[in-house]
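The structure under discussion appears below in the form of structure tokens.
There are 2 protein chains.
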Amino acid sequence: MATIRDVAKRASVAPITVSRVINNSGYISDETRAKVEAAIHELQYVPNSLSRSLRFKRTNTISLLLSDITNPFWTTTARGAEDACSEHNMNVFLCNTDEKQTKLDNYVDVMLQRQTDGFLLVPASNSRQTIERIREQSVPLVLLDRVVEDIEATVVRSDSLGGSRRLVEYLIGQGHRRIAMLAGVESVSTTNMRIEGYRQALAAHDISYDPALIRHGHYSLHDDRNIMLTRELVQEEPTAIYGANNFISFGILQALHQMGLRTPEDMSVVSFDDLPYNWHPDPFLTVIAQTPYQLGYRAADLLLSFIHGNAATTASTTSEEILPVELIERRSVRRLTPQSS
Amino acid sequence: MATIRDVAKRASVAPITVSRVINNSGYISDETRAKVEAAIHELQYVPNSLSRSLRFKRTNTISLLLSDITNPFWTTTARGAEDACSEHNMNVFLCNTDEKQTKLDNYVDVMLQRQTDGFLLVPASNSRQTIERIREQSVPLVLLDRVVEDIEATVVRSDSLGGSRRLVEYLIGQGHRRIAMLAGVESVSTTNMRIEGYRQALAAHDISYDPALIRHGHYSLHDDRNIMLTRELVQEEPTAIYGANNFISFGILQALHQMGLRTPEDMSVVSFDDLPYNWHPDPFLTVIAQTPYQLGYRAADLLLSFIHGNAATTASTTSEEILPVELIERRSVRRLTPQSS
DNA sequence: CTGTTAGCGCGTTCAT
DNA sequence: ATGAACGCGCTAACAG
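Residue numbers (my numbering), protein chains in the order written: chain A, 13 to 353; chain B, 13 to 353.
What follows is the structure, encoded as structure tokens:
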């Protein structure tokens with residue numbers, strides 16, 4: 013690998029002159045510029061961004077720590093973040109934490125050592141340590157999708173509470189009263205908020221809350237537990253099942269199919285979060301749809317403003333940006349007559 | 013951010029002593045070690061790996077450039093690569109090229125500047141420039157899945173030719189003679205090999221090759237072209253359709269469903285590459301299955317041996333490692349009697 | 001067992 | 001318009 017010095021020698025100039033050519037800084041005569049550019053080309057010189065970053069104390073890099081890279085929801089979020097960053101010439105490093113706290117901690121350590129300029133992360137659980145570690149180093153941070161208790165941080169997320177409530181109220185409006193829910197993992201804020209929305213909707217319509225109608229599933233697709241748990245829920249004889257994210261809902265549909273139950277004739281199904289585009293020949297699920305691209309874009313945008321120091325609020329205060337969600341009514345809910353419920 | 017000097021001052025030692033404590037190198041008295049460790053803790057010191065890499069000329073980083081992060085095939089490959097790397101304390105940086113040459117080129121540049129220790133990449137097209145650029149900088153490289161013409165490089169890939177041939181011969185064995193194929197994008201080696209396998213199988217059974225039965229689809233899921241192309245192929249009245257990768261086959265199934273055609277009663281379907289686990293309530297597609305985890309693991313393993321300089325072959329010679337594939341017979345192919353074909 | 005010197009590759013500061 | 005010296009944070013080589 014050629015260094016800036018090699019190029020300088022070859023062009024018979026000082027290293028700093030080469031530097032100026034590369035960065036278009038200062039005045040350079042056309043003649044020397046040509047000489048230098050020729051030398052760069054001949055030596056196939058590639059600037060070493062390590063030393064550059066060492067000088068600038070800036071890596072132009074943000075770290076995006078995602079919980080499940082397999083879920084199109086998150087890859088879409090990533091795309092949003094990448095687009096926001098590339099507008100500012102920042103590079104995004106993508107890491108998959110697999111919903112595991114240890115993996116998350118490890119990546120945070122690695123990226124901290126690599127002097128990342130900022131973190132965009134979805135918390136793996138409710139533990140505050142990871143986030144406090146980032147705080148200690150005063151590296152800007154924006155949380156994605158999930159809130160962590162007792163921590164000051166900026167978070168960009170969807171309206172889980174309101175969306176969930178709206179979805180369940182829709183079911184109630186269609187005559188359902190015995191509504192099962194396959195929720196997400198415990199100790200994650202979105203899970204709790206969606207459950208809370210479910211409870212609020214029931215309460216608002218004087219339907220008593222039956223704990224037997226709720227199970228905690230897993231947000232991952234590759235987990236047969238969602239199928240088993242659906243079978244359990246069906247035993248409770250609900251008229252509708254509510255899946256707390258796209259993969260959970262997918263598991264529900266699979267389970268019902270295996271049991272020979274049709275949707276919506278034998279069982280109504282709704283989902284928080286749409287199934288990925290193209291997963292079904294024709295979409296029929298009634299869902300609350302989030303906007304993952306905007307989630308990523310907005311969060312990255314906020315992070316960048318922290319990094320560049322031109323933000324109204326700073327990274328160290330608590331603030332939430334809540335993205336609206338949309339109810340998409342399709343054909344997975346059966347309308348019940350009063351007596352049939 | 014505290015530096016090694018801050019820690020040294022606090023512990024009343026020289027910076028190098030701190031360095032020795034961190035890296036467990038050289039002899040340190042228990043007493044000073046304790047002092048230093050205390051200082052590290054109090055100052056919440058995080059070593060700067062930028063400067064470390066600058067000294068070592070090693071970043072302990074490999075770059076994994078994938079064509080489609082949305083495809084579980086590739087995320088599984090990534091997991092294999094990550095597992096191989098973490099055994100050697102190497103970090104993997106994941107980049108999504110989206111099958112676009114410009115994105116690939118850009119990432120290569122960025123990672124080259126960041127002094128990555130090696131590349132693991134799936135070529136976006138048949139262009140040699142990207143790879144030659146890496147070669148010029150003599151950075152170790154292993155190609156994933158696809159061969160590039162006229163280039164010396166190590167590649168780890170599945171047996172596309174043999175697998176494709178076996179799959180089509182299976183169809184022929186079931187009495188099919190008019191077999192359509194929805195292939196992948198042109199100018200990618202796997203596409204050509206799978207087409208070649210298809211042709212070889214036909215030739216071996218004296219079935220003439222009809223160009224009208226082949227279309228070039230797209231490897232991505234989010235592309236409705238696969239559905240349209242399937243409709244076109246159906247017009248040609250084949251008895252079976254062969255999808256050249258998992259997402260293409262998925263598109264075929266969707267198209268058939270939309271057209272009201274049942275599988276396998278009205279149309280047989282086979283696929284190169286299995287659908288992702290759990291995508292279908294119960295898997296019924298007859299497929300050639302690859303082993304993406306092994307693909308990633310093996311390629312990373314090879315790359316690491318190049319990096320550590322203990323490889324039998326070096327990174328600069330051409331060599332191929334071809335992983336075997338497996339025919340999984342399920343229920344998507346209808347057995348034709350001679351007269352019905 | 002611990003410290004001093006020097007340099008990895010680059011760019012800011014100050015000179016010329 | 002161009003260059004010399006210095007330092008970013010870290011560690012190998014060589015003292016002591």
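Note that CB positions come from ideal geometry on N, CA and C, so glycine has one too.
All figures in this text were calculated on a predicted structure; none of them were measured in a lab.
CB contact below 8 angstroms: residue i versus chain B
| i | result |
| --- | --- |
| residue 125/A | yes |
| residue 338/A | no |
| residue 13/A | yes |
| residue 275/A | no |
| residue 329/A | no |
| residue 82/A | yes |
| residue 122/A | yes |
Proximity below 8 angstroms, CB of residue i to CB of residue j
| i | j | result |
| --- | --- | --- |
| residue 312/B | residue 338/B | no |
| residue 120/B | residue 314/B | no |
| residue 334/A | residue 169/A | yes |
| residue 137/A | residue 200/A | yes |
| residue 175/B | residue 348/B | no |
| residue 78/B | residue 108/B | yes |
| residue 249/A | residue 177/A | no |
| residue 228/A | residue 180/A | no |
| residue 156/A | residue 307/A | yes |
| residue 203/A | residue 195/A | yes |
| residue 6/A | residue 84/A | A question about residue 6/A goes unanswered here, because the residues of chain A that appear run from 13 up to 353. |
| residue 242/B | residue 267/B | yes |
| residue 336/B | residue 92/B | no |
| residue 22/A | residue 51/A | yes |
| residue 116/A | residue 142/A | yes |
| residue 104/B | residue 146/B | no |
| residue 342/A | residue 297/A | yes |
| residue 71/A | residue 129/A | yes |
Any chain A beta carbon closer than 8 angstroms to residue i
| i | result |
| --- | --- |
| residue 37/B | no |
| residue 74/B | no |
| residue 27/B | no |
| residue 307/B | no |
| residue 87/B | yes |
| residue 233/B | yes |
Spatial distance of residue i from residue j (CA atoms)
| i | j | result |
| --- | --- | --- |
| residue 210/A | residue 166/A | 26 angstroms |
| residue 207/B | residue 158/B | 14 angstroms |
| residue 61/B | residue 280/B | 56 angstroms |
| residue 353/A | residue 212/A | The pLDDT assigned to residue 353/A is 42, lower than 50, so where the model puts this residue is not dependable; a value taken from the coordinates is nonetheless given after this. Taking the straight line joining both Cα atoms gives about 20 angstroms. |
| residue 88/A | residue 233/A | 17 angstroms |
| residue 193/B | residue 260/B | 10 angstroms |
| residue 275/B | residue 318/B | 47 angstroms |
| residue 316/B | residue 80/A | 26 angstroms |
| residue 32/A | residue 49/A | 11 angstroms |
| residue 271/B | residue 238/B | 14 angstroms |
| residue 283/A | residue 94/B | 33 angstroms |
| residue 264/A | residue 226/B | 37 angstroms |
| residue 163/A | residue 330/A | 8 angstroms |
| residue 285/A | residue 82/A | 15 angstroms |
| residue 124/A | residue 150/A | 10 angstroms |
| residue 148/A | residue 14/B | 11 angstroms |
| residue 26/A | residue 67/A | 19 angstroms |
Three CB pairs or more closer than 8 angstroms across the segment 15 to 31 of chain B and the segment 50 to 59 of chain B: yes
Can at least three beta-carbon pairs, one atom from the segment 39 to 46 of chain A and one from the segment 96 to 111 of chain A, be found at a separation below 8 angstroms? no
Between the segment 126 to 139 of chain B and the segment 252 to 264 of chain B, are three or more C-beta pairs nearer than 8 angstroms? no
Taking any Cβ of chain A, which residues in the segment 133 to 163 of chain B have a Cβ under 7 angstroms from it, in chain order? 148 and 149
Residues, ordered as in the chain, of the segment 96 to 109 of chain B that lie near chain A by beta-carbon distance below 7 angstroms: 103, 105 and 106
Near-chain B residues of the segment 33 to 66 of chain A (beta-carbon distance less than 7 angstroms), N- to C-terminal order: For the segment 33 to 66 of chain A, the set of positions with a beta-carbon nearer than 7 angstroms to some beta-carbon of chain B reads 56, 58, 59, 60, 61, 62, 63, 65 and 66 in chain order.
Taking three-plus beta-carbon pairs below 8 angstroms as touching, is the segment 59 to 73 of chain B in contact with the segment 60 to 79 of chain A? yes
Give, in chain order, every residue of the segment 280 to 295 of chain B whose Cβ lies closer than 9 angstroms to some Cβ of chain A. Taking a C-beta cut-off of 9 angstroms against chain A, the contacting residues of the segment 280 to 295 of chain B are 288, 289, 290, 291, 292, 293 and 294, listed in chain order.
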